[in-house]
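Student:
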Amino acid sequence: MNKPSAETRGFRVVGLVALAGLTMLAGGCAVGPNYRRPTAPTPQVFKEPPPEGWKEAQPNAGAIRGKWWEIYNDPQLNALEEQVNISNQNVLVALAQYREARDAVRIARSSLFPTLGVSPAVTGQRPSSTLSSGAASVGSGSTTLYDLPFDVSYQADVWGSIRRNLRGSYASAQVSAADLENARLSFQAELAQFYFQLHGLDGDADLLQRTVKAYEEYLQLTKDRFELGVASGADVAQAKTQLDTTKAQLIDIGVQRAQFEHAVAILIGKPPAELSIPPMVLKTPPPPVPVGVPSALLERRPDIAASERQVAAANEQIGIAKAAFFPSLLLSATGGFETTSLSQWLTWPSRFWAVGPQLAETLFEGGKRHAQLDLERAAYDATVANYRQTVLTAFQQVEDNLAALRILEQEAAAEDAAVADAEESLAISTDQYKAGIATYLQVITAQTFALQDERAAVDILTRRMTASVLLIEALGGGWDASQLPAKSEILANSK
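According to our numbering, the sequence shown is numbered sequentially starting from -12.
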């Protein structure tokens, strides 16, 4: 029987190496812990009941969907909010960071495939004539070497470190996607707060303008009574002081209003000079916000989703650290054409090849791998604690704003009664002053209380509007964890 040629034996080696690699891959397993979502403290019901007239929605009943700001029925607010997504520079930063995370997934995924390289070369060479120590010397003529090698290498993922790295990259991309949504929600909510606070100042300005007009009438009243000799010059001076003080308060409102307007401009990506918001007085209380049950909050907050995905990514790092304890298998092959004759460069006799697996194992590194594993476990514990703290903070924010809305609603009712009482007291004091049975100091005192109560009522309405925005933000703004991009979506969008 004829013995197989060297080339035939070589091809058999290649086949055996490939078969061994496939067998190890098929039987390979990812070392390290399987991921399980950590538990978090979740109450059955919210401590703070919603304001009177609100109904606690079930998980999917009446929840906020889409553009949450539209519940306020304010076209100008709607137009401003639409610009946050496309023009806010911080949102654009978060969007770019998400694109970076998607590209990192592609980089990690490339490790699943072999690497193929080619490095053609034409080299002129002349061997040294002094290399031989005998009487005969090697040839001293120069030659040209034509080389066209192809190199193929493949890192076999026997212990799952490459797959874990890819899963960690997917989780990190989802973290970045949730961070993007959280940035959008944060800046949209901030804009709505500034918008309502700005119009709350418009309410103050409207009140003070009406008050200035009334005080001008009171000043004229004291002047008329002074001319008739039934009032003193002190009455005129007090009336004028009250009027000038109120005018100063009216002027001062312009400072805060300008600052809020400038802040809104920056949030929509415009210089302050390009935005002017016309005055508007807030008149209606905030609309009811569907609250839902506490357990649903874990799926409705993008910051909670980001924290949970960070836990998943950290879990994969533990597996990668454990895989470092085991040997790595590298499958490599080299082949191509090599000759000193240009005419024979790409001919079959000029071929060459080499193939073989390579195992690599670190025998001693001073405890580095154990320290790395402990480090990743500690990092995982930190992400779990951060996740649970994020959940607790979310419940606090919901409870805070539920309490604020409920209490402010009660305060508004009490303040409205106080406003009515102050107006009645002012009317009585005015009549008594006109009748000569009360001093003008009593009128000024009544005026001061009336103005304080009316400004307090305006302030409470503004606080109720901003608290409703904060509640919507605390509830996730209508976002849901199902909106996190899937693996296929991350890969598709990254092309």
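C-beta: ideal position from N, C-alpha, C; glycine also.
Computed from a predicted model, the values in this text were never measured in an experiment.
Identify whether Tyr133 lies in helix, strand or coil by the three-state DSSP scheme.
Tutor: The residue labelled residue 133 in the question sits at position 146 within the sequence shown. Tyr133 falls in the strand class under three-state DSSP.
Student: Can you check which of these residues, Arg24, Pro36, Gln31 and Tyr22, is closest to Val276 by C-alpha distance?
Tutor: Locating residue 276 in the sequence shown gives position 289, where the first residue counts as 1. When each option's Cα is compared against that of Val276, the closest is Pro36.
Student: Just checking, does the segment 82 to 95 make contact with the segment 288 to 308 on the three C-beta pairs under 8 angstroms criterion?
Tutor: At 8 angstroms Cβ cutoff, the stretches do not touch.
Student: If you reduce the DSSP assignment to three classes, tell me which class Asp446 lands in.
Tutor: Start at 1 with the first residue of the sequence shown, and residue 446 comes out as number 459. Asp446: helix per DSSP, three-state reduction.
Student: Note the first and the last residue of the continuous beta strand (DSSP E) segment covering Leu483.
Tutor: The displayed coordinates of the chain run from -12 to 482. Any statement about residue 483 would go beyond what the structure contains.
Student: In chain order, what are the residue ranges of uninterrupted alpha helix (DSSP H) at least 4 long that sit wholly in the segment 55 to 106?
Tutor: Counting whole runs of 4 or more residues, the segment 55 to 106 contains the alpha helix (DSSP H) stretches 62 to 74 and 76 to 96.
Student: Could you check what DSSP says for Leu471 in three-state terms: helix, strand or coil?
Tutor: In the sequence shown, counting from the first residue as 1, residue 471 sits at position 484. Coil at Leu471, not helix or strand.
Student: With DSSP as the reference, identify every bridge partner of Thr29, one or two as the case may be.
Tutor: In the sequence shown, counting from the first residue as 1, residue 29 sits at position 42. BP columns for Thr29 are empty, so no partner.
Student: Quick one: is Lys257 buried, meaning 16 or more other Cβ sit within 10 Å of its Cβ, or exposed?
Tutor: Taking the first residue of the sequence shown as position 1, residue 257 is located at position 270. Exposed.
Student: If you draw a straight line from the C-alpha of Leu317 to the C-alpha of Tyr367, how long is it?
Tutor: Stepping through the sequence shown from its first residue, residue 317 is reached at position 330. Stepping through the sequence shown from its first residue, residue 367 is reached at position 380. Distance between the alpha carbons of Leu317 and Tyr367: 30 angstroms.
Student: Any idea what DSSP makes of Glu476, helix, strand or coil?
Tutor: Numbered from 1 along the sequence shown, position 489 holds the residue referred to as residue 476. Glu476 falls in the helix class under three-state DSSP.
Student: Would you kindly report the start and end of the unbroken alpha helix (DSSP H) that includes Gln345?
Tutor: By one-based count along the sequence shown, residue 345 stands at place 358. Gln345 -> not in any alpha helix (DSSP H); beta strand (DSSP E) instead, spanning Arg338 to Ala347.
Student: Smallest Cα separation from Arg52: which of Leu67, Ala27 and Arg287?
Tutor: Stepping through the sequence shown from its first residue, residue 52 is reached at position 65. Of the candidates Leu67, Ala27 and Arg287, the one whose C-alpha sits nearest the C-alpha of Arg52 is Arg287.
Student: Below 8 angstroms, how does it come out for the segment 169 to 183 and the segment 318 to 333: are there three or more Cβ pairs, yes or no?
Tutor: No, the segment 169 to 183 is not in contact with the segment 318 to 333.
Student: Return the chain-ordered ranges of every beta strand (DSSP E) run that is complete within the segment 329 to 405 and spans a minimum of 3 residues.
Tutor: Runs of the beta strand (DSSP E) inside the segment 329 to 405: 338 to 347.
Student: In whole angstroms, what is the alpha-carbon distance linking Ala300 and Phe33?
Tutor: Taking the first residue of the sequence shown as position 1, residue 300 is located at position 313. Taking the first residue of the sequence shown as position 1, residue 33 is located at position 46. So the two alpha carbons sit approximately 31 angstroms from each other.
Student: Determine the DSSP secondary structure at Ser140, reduced to helix, strand or coil.
Tutor: To locate residue 140, count along the sequence shown from 1; it is residue 153. It is a strand residue.
Student: Out of Ile264, Ile253 and Leu195, which has the shortest C-alpha to C-alpha gap to Ala235?
Tutor: As a first step, residue 235 must be located in the sequence shown, where it is residue number 248. Comparing Cα-Cα distances from Ala235 to each of Ile264, Ile253 and Leu195, the minimum goes to Leu195.
Student: Sorted by chain position, which residues of the same chain lie with C-beta nearer than 7 angstroms to Arg150's C-beta, five sequence neighbours on each side aside?
Tutor: By one-based count along the sequence shown, residue 150 stands at place 163. Closer than 7 angstroms at the Cβ level, and outside the excluded window around Arg150, lie Ala17 and Asp144.
Student: From Leu254 to Ser74, what distance separates their C-alpha atoms?
Tutor: The residue labelled residue 254 in the question sits at position 267 within the sequence shown. The residue labelled residue 74 in the question sits at position 87 within the sequence shown. Taking the straight line joining both Cα atoms gives about 8 angstroms.
Student: Based on Cα-Cα distance, which residue from Phe181, Val371 and Ser140 lies nearest to Arg23?
Tutor: As a first step, residue 23 must be located in the sequence shown, where it is residue number 36. Ranking the options by Cα distance to Arg23, first place goes to Val371.
Student: From what residue to what residue does the alpha helix (DSSP H) around Arg233 run?
Tutor: Along the sequence shown, one-based indexing puts residue 233 at 246. The amino acid at residue 233 is misidentified as Arg; the sequence shows Thr. Its alpha helix (DSSP H) spans residues Gly220 to Leu254.
Student: Which of the three DSSP states, helix, strand or coil, is assigned to Pro108?
Tutor: Residue mapping note: residue 108 aligns to position 121 of the sequence shown, counting from 1. Here the sequence assigns Ala to residue 108, which means Pro is not the residue at that position. Residue state, collapsed to three classes: strand.
Student: Ignore the nearest five residues each way along the sequence and tell me which others in Ala308's own chain have a CB closer than 6 angstroms to its CB.
Tutor: In the sequence shown, residue 308 corresponds to position 321, counting from 1. Only Gln359, Leu360 and Glu363 meet the Cβ criterion.
Student: Along the chain, where does the alpha helix (DSSP H) that runs through Leu269 open and close?
Tutor: Indexing the sequence shown from 1 puts residue 269 at position 282. Neither: Leu269 is in no alpha helix (DSSP H) and is coded neither H nor E.
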